[in-house]
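One structure below.
Listed below in structure tokens is the structure:
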């Protein structure tokens, strides 16, 4: 749970730094963010179970690459970790979780830390011109 929360905080901070710096120079980014968040919401297994996507893509159509791309969504892994804490899988339950979830979160944390470093660099370089642009 703490690992998922840490990944969420680092990823959100990094994304916020990059998008806020870009939004100062390109004002239309705010509208793209709205549409992107809407699409991202439906690409994250919040309302539906992730095994339905697995069954449709891998079992029915043998599209393993598309499923791996779906699971590369950082929020999908974070949401699965939160769901694992709230609804633990046990014998006779309908919940099933990937065995490599914590490995995915650890890799994701490393990627998010790099993204945070890049986001901080982008923000630091562009913040000198914020007053003139606004």
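In the numbering used here, the protein residues as written are 539 to 672. The beta carbon of each residue, even a glycine, is placed where N, CA and C say it ideally should be. In this text the structure is predicted, and so the values were computed from the model without any measurement.
Assess contact between the stretch 567-583 and the stretch 603-616, defined as three or more Cβ pairs (one per stretch) separated by less than 8 Å. Is contact present? yes
Expressed to the nearest angstrom, what Euclidean distance is found between the alpha-carbon atoms of residue 573 and residue 619? By 1-based counting over the chain shown, the position of residue 573 is 35. By 1-based counting over the chain shown, the position of residue 619 is 81. Rounded to whole angstroms, residue 573 to residue 619 spans 25 Å at the Cα level.
Same chain, Cβ closer than 8 Å to residue 637, neighbours up to 5 away in sequence not counted: To locate residue 637, count along the chain shown from 1; it is residue 99. Result list for residue 637: empty, nothing under 8 Å.
I'd like the ranges of any alpha helix (DSSP H) spanning at least 4 consecutive residues and lying wholly in the stretch 637-669. 639-664
Minimum C-alpha distance to residue 578 - residue among 668, 564, 610: Numbered from 1 along the chain shown, position 40 holds the residue referred to as residue 578. It is 610 whose Cα lies nearest to the Cα of residue 578.
Going by other Cβ atoms of all chains shown within 10 Å of its Cβ, with 16 needed for buried, is residue 642 buried or exposed? Along the chain shown, read from residue 1 onward, the residue named residue 642 stands at position 104. The residue in question, residue 642, is buried, as its Cβ has 16 or more Cβ neighbours within 10 Å.
Helix, strand or coil: which one does DSSP assign to residue 559? Numbered from its first residue, the chain shown carries residue 559 at position 21. In this structure, residue 559 counts as helix in the three-state DSSP scheme.
Would you mind giving the Cβ-Cβ distance between residue 589 and residue 596, rounded to the nearest angstrom? I have them listed as a contact below 8 Å. Position 51 of the chain shown holds residue 589. Position 58 of the chain shown holds residue 596. At roughly 10 Å, the Cβ-Cβ gap does not stay under 8 Å, so residue 589 and residue 596 are not in contact.
C-alpha gap between residue 553 and residue 571, whole angstroms: Looking up residue 553 in the chain shown gives position 15. Looking up residue 571 in the chain shown gives position 33. The alpha-carbon atoms of residue 553 and residue 571 are separated by roughly 11 Å.
Taking the continuous alpha helix (DSSP H) assigned at residue 612, which residues delimit it? Your numbering for residue 612 matches position 74 in the chain shown. From DSSP, the alpha helix (DSSP H) with residue 612 extends over 612-624.
Within the stretch 540-612, note down every full alpha helix (DSSP H) run reaching 4 residues or more, in order along the chain. 540-563, 567-580, 588-592, 602-609
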